[in-house]
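Chains R and L, in that order, give the protein sequences.
Throughout the first sequence, residue numbering follows the working numbering, covering -13 to 457 in sequence.
Throughout the second sequence, residue numbering follows the working numbering, covering 492 to 721 in sequence.
All C-beta atoms, glycine included, are put in the ideal place defined by N, C-alpha and C.
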Amino acid sequence: MKKGRSIRFKTALWSTAVLVLTVGLSFLAVRFASGLVLLGINRDVLLDAVEKNVRMIRFNESRERPAANFYLEYATGYLEIDEDFLNEMGGVTAALYDADGTLLYGEDPLARRADRLPFGETRIHEMKSGGETFILYDRRIELAQAGNLWLRGMVSETASLAPLSAITRLSLVLLPILILLAVLLLHFVTDRMLSPLKKVEETARDIAAGDRLDRRIEGVGGRDEVGQLAGTFNQMMDRLEESFERERRFTSDASHELRTPASVIMAQTEYTLEKERSAAEYREALEVVARQGKRMSALINDMLDYSRMDLSAERYPLAPLDLSALVRETAGALAPVGESPREYRSEIEDGLYAEGNEGLLTQLLQNLISNAYRYGDPAGRITVRLKKEAGRPVLSVEDDGPGIPKEEQEKIFERFYRGDASRSVQGTGLGLALVKKIAEIHGAAVELESEMGKGSCFRIIFPVFEKKSAF
Amino acid sequence: MRLLFAEDEEDLNRILTAKLKEEGYSVDSCLNGRDALDCLEAAPYDGAVLDVMMPSLDGFALLKRMREKGIRTPVLFLTARDSTEDKVRGLDLGAADYMVKPFSLAELMARVRALTRQSAGVSSSTLTAADLTLDTASHRVTRAGKLIDLSAKEYALLSYMLHHKNSVLTRQQIEDHIWNFDYEGGTNVVDVYISYLRKKIDDGHPARLIRTVRGIGYRLSDEAPEGGSP
């Protein structure tokens, strides 16, 4: 919960910061740009107004007073000023001066404020007065006959920026509200997007707290990151559960299998030690203990082999090997095993190769042969064969024993499974499970053909061997 | 006391059968569930000790079949399965007790005694009749404080009669509970052993505990005999 909140908190904090910064910067940029635009417009209005006024002024050389318009006596004639002369237009005030800077006509306030400014040439310049900034446009009017006049226009820059400050004031109220709304929305959206994470976390916590390996994240679908995370997590839990279950079952099977010989040894020793027994009884007791001890030891070895293979099959590297030589050697070494008079034959085709692990394949063949000795007819025949069928090397071990009932044929490869008939036979119950495991490691298939009363044949079908340069 | 013992591990079967016989039980032992069921159907047993994992018919299935057939013999399971579910399942099926392998022989014997007591409705390991006591745990038998030495069969017979004190037991009943299927003796084996037992317990004591019920069988009783002097 704490973690979930903190990532939400961080997201909210950062997004708010970015939002405020973006909005602030864009506000400043907009304000600056609109300031420039407004000032430009202001300047255009000023120039426009002044130039218009220039056209309203005419000089007449004649001594006759003009009839209609306003006029001024000036130099050698009259200065005619059209009645359209605008003292003020769009915030622009204008005034006319003679060459010395004496006000001839126009706005008083302008005159009062700016009359100390000397005229130089036609120019635009700034002036500050009473906390306000003005732009002035001085326009020289050249009168051929009477020297120069000056027309000065002025507009307040401060006033022209007035709409801007109104906008600024409005923005300062509105933008924070907008930001607040955006942050709330963002928080809501983050919350919704992160809520599946909470499910992931809850499930993980459930699993961590108890032995609940069967828990899965539910209700988090979709192809987004969280959905993928949930999917990957569930897959991981499937694999974990499977391997825990396998280990648990193995431990339980193993302890179960070890319990029987242990209880025999305990019962036998307790019984024998209760009172004085005859030498024959002591001998029998020791034989039982030895037999059961041997059984436990074989069981432990097979279990270790099996669990090693079960848990880390990759520990056994495969390399191209001469299958014919390996089978001949192993089958030959095992031939004299078995006290009963049996016929033991091997038919081995030469030049067959496979990708394999020598140690494992030797064990596979040993297990198959000792299986045949154990369950086959004591006076029967065992045949080991290696030949090529449809391009694949096929290893088979055949006996002419009692055979395996149909319903048991699948089960005999399960570890610790022993058929009714085999109960009395000493075995660990792991031999065929190991055979299956080793075949799996080699990508080989295991087949069993068995008929009641006729015998069984175990076949290991190896994959097609592709000749590498090494061979 | 006659017991049925079923266990598929041959060594364990042999040892436990020997031990139970030493303890004075008459024991029929089987190596699989089907044989055990046949025995249980053929004879009355005071208790059955059954392995759970057995070929042909496992212990749980066997118990189910027994109860279906109305065989009330109390059952003790002997098993390598130690999970709670298995124990619960076994006990729910109607087993009286459950022992996980490996176990101590002494404990198994104590539990078997408890099992047979239960079948006879007795609640202590010491059985008494008047001044006669039999300690089933130590196998000591005393009369008026004096230790009496009994053979295994005599002990088994006395123990069986004490478990069913004051009830009339037929010769057939006694034979079925004391001798197992291996016995193929004469028909008067019960009378012979009763006479051995009488010599050892009743001789020299004024109150006779083992009484003959004419035409039926025998009765071990510490109640005052009906109908005056014997």
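The beta carbon of E231(R) sits no closer than 8 angstroms to any beta carbon of chain L. Rounded to whole angstroms, the Cβ separation of V250(R) and D622(L) is 43 angstroms, and the two are not in contact under 8 angstroms.
Residue pairing for R367(R): DSSP places it in a beta bridge opposite E329(R). With respect to L135(R), D84(R) sits close: the two C-beta atoms are nearer than 8 angstroms.
Contact annotation, T246(R) with A571(L): C-beta distance approximately 6 angstroms; criterion of less than 8 angstroms satisfied.
Using a CB distance below 9 angstroms, the part of the stretch 571 to 591 of chain L facing chain R consists of A571, R572, D573, S574 and V591, ordered along the chain. Leaving aside the five residues that flank V450(R) on each side, the residues in its chain whose CB is nearer than 8 angstroms to its CB run, in chain order, G377 and R378. Only buried fits K422(R), as 16 or more other CB atoms lie within 10 angstroms of its CB. In the DSSP annotation of this structure, H173(R) is not part of any beta strand (DSSP E); the continuous alpha helix (DSSP H) holding it starts and ends at A148 to A195. In the DSSP secondary-structure assignment, A319(R) is not bridged to any residue.
Here E228(R) is exposed: its Cβ has fewer than 16 other Cβ atoms, across all protein chains shown, within 10 Å. The beta-bridge partner set that DSSP reports for E273(R) is empty.
Using a Cβ-Cβ cut-off of 8 angstroms, F551(L) does not count as an interface residue toward chain R, since no Cβ of chain R sits closer than that to its own.
Taking the beta carbon of T246(R) as reference, the chain L residues within 8 angstroms of it are E500, L503, A571 and K592, listed in sequence order. In the pairwise beta carbon analysis, the stretch 507 to 515 of chain L is classified as not touching the stretch 431 to 451 of chain R: fewer than three pairs are separated by under 8 angstroms.
DSSP, read as helix, strand or coil, puts A80(R) in strand. Contact of L528(L) with chain R is not assigned, every C-beta pair being separated by 8 angstroms or more. Classified as buried, I203(R) has 16 or more neighbouring CB atoms from the shown chains inside 10 Å of its CB.
Rounded to whole angstroms, the separation of the alpha carbons of Q349(R) and A340(R) is 16 angstroms. Among the residues of chain L, none has a CB under 9 angstroms from the CB of V383(R); the nearest is roughly 25 angstroms distant. Taking V680(L) as the centre and dropping the five residues before and after it, the same chain places the C-beta of E666, W670 and Y674 closer than 8 angstroms to its C-beta, in chain order. Interface flag for V250(R) against chain L is set, since a Cβ pair is found closer than 8 angstroms. Membership of T619(L) in any alpha helix (DSSP H) is not indicated; the residue belongs instead to the beta strand (DSSP E) covering T617 to A620. Closest by C-alpha distance to M252(R), out of L618(L), L599(L), L495(L) and P535(L), is L599(L).
When the five nearest sequence neighbours on each side are left out, the beta carbons in the same chain lying within less than 7 angstroms of the beta carbon of L346(R) are those of Y302, I424 and I427, in order along the chain. The beta-carbon of K510(L) is placed less than 8 angstroms from the nearest beta-carbon of chain R. Any Cβ of chain L closer than 8 angstroms to the Cβ of E256(R) would place that residue at the interface, and such an atom is present.
Annotated three-state conformation of P379(R) is strand, per DSSP. R604(L) is the residue among H668(L), R604(L), V543(L) and A698(L) whose C-alpha sits nearest the C-alpha of D626(L). Contact between G417(R) and N357(R) holds, with the beta-carbon distance rounding to 5 angstroms and staying under 8 angstroms. In this structure, L541(L) places its C-beta atom within 8 angstroms of the C-beta atom of V566(L).
With contacts defined by Cβ atoms closer than 8 angstroms, V383(R) and F444(R) form a contacting pair. Across the structure, P697(L) and R634(L) are spaced so that their CA atoms are roughly 12 angstroms apart.
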